[in-house]
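So the sequence shown is numbered by my numbering: it starts at 1015 and just counts up by one.
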Amino acid sequence: MLNLTMVKNLNQQLIIFMVAAFFISCSGRNNKAVIKFSIDSTSIILNNLGEASLVQVKNVYSKNLDSSNLLSVIALPGELDSLQDEIVVKGHYLLQGDSILFKPDQPFKKNKRYLVESFIGAEFATVSKLFSGTIKQNLQPQKQILKR
């Protein structure tokens, strides 16, 4: 009788472990978008969007992607700049296939650094973060600093 109880207990623990391992392995994929300058450095390209992120962007794009806060580009001050202000770069967004292009109203300046923040595909919590205890209270954007 004792052995049967131990076997049932062991089976339950094994099933729980297998289910947890399945969820951790499924959520461990790296689905971060790739943020980079175009070849001629006249625009910023965001690609490698997952299917769910692409649906999210298409829904926002149909309403007006320029007015959304899914993506922002900020000109960072240089070390020798007298004003240490971060300036939001104005421009417009284009959805091309599975990529988003940001074209600034004014051309990007050579040797200037730009911070790109994207909330596309951002998640509050994943199963792996739940198990590891690293859940944050607010939504964290993907950040990339690009230098022209």
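The C-beta atom is built at its ideal place from N, Cα and C for all residues, glycine as well.
In the three-state reduction of the DSSP assignment, LEU1084 falls in the coil class. The segment 1120-1131 makes no contact with the segment 1066-1078, as fewer than three CB pairs between them are under 8 Å. The C-beta distance from LYS1161 to LEU1129 rounds to 11 Å, too long to meet the 8 Å contact threshold. CA-to-CA, the gap between GLN1154 and SER1132 works out to about 9 Å. In this structure, ILE1088 is the residue among ILE1088, LEU1094, ILE1059 with its C-alpha nearest to the C-alpha of LYS1104. Collapsing the DSSP output to three states places LEU1068 in a helix. Close CB contacts of GLN1098 within its chain, under the 8 Å cut and outside five residues either way in sequence, are with PRO1091 (chain order). For GLU1131, the enclosing beta strand (DSSP E) has its first and last residue at 1127-1132.
Around the CB of ILE1114, 16 or more other CB atoms lie within 10 Å, so the residue is classed as buried. Short of 8 Å from the beta carbon of LEU1063, and not among the five residues preceding or following it, lie these beta carbons of its own chain, in chain order: ALA1047, VAL1071, ASP1112, SER1113, ILE1114, ILE1134, GLY1135. Judged by DSSP secondary structure, PHE1051 falls within the beta strand (DSSP E) whose first and last residues are 1048-1051.
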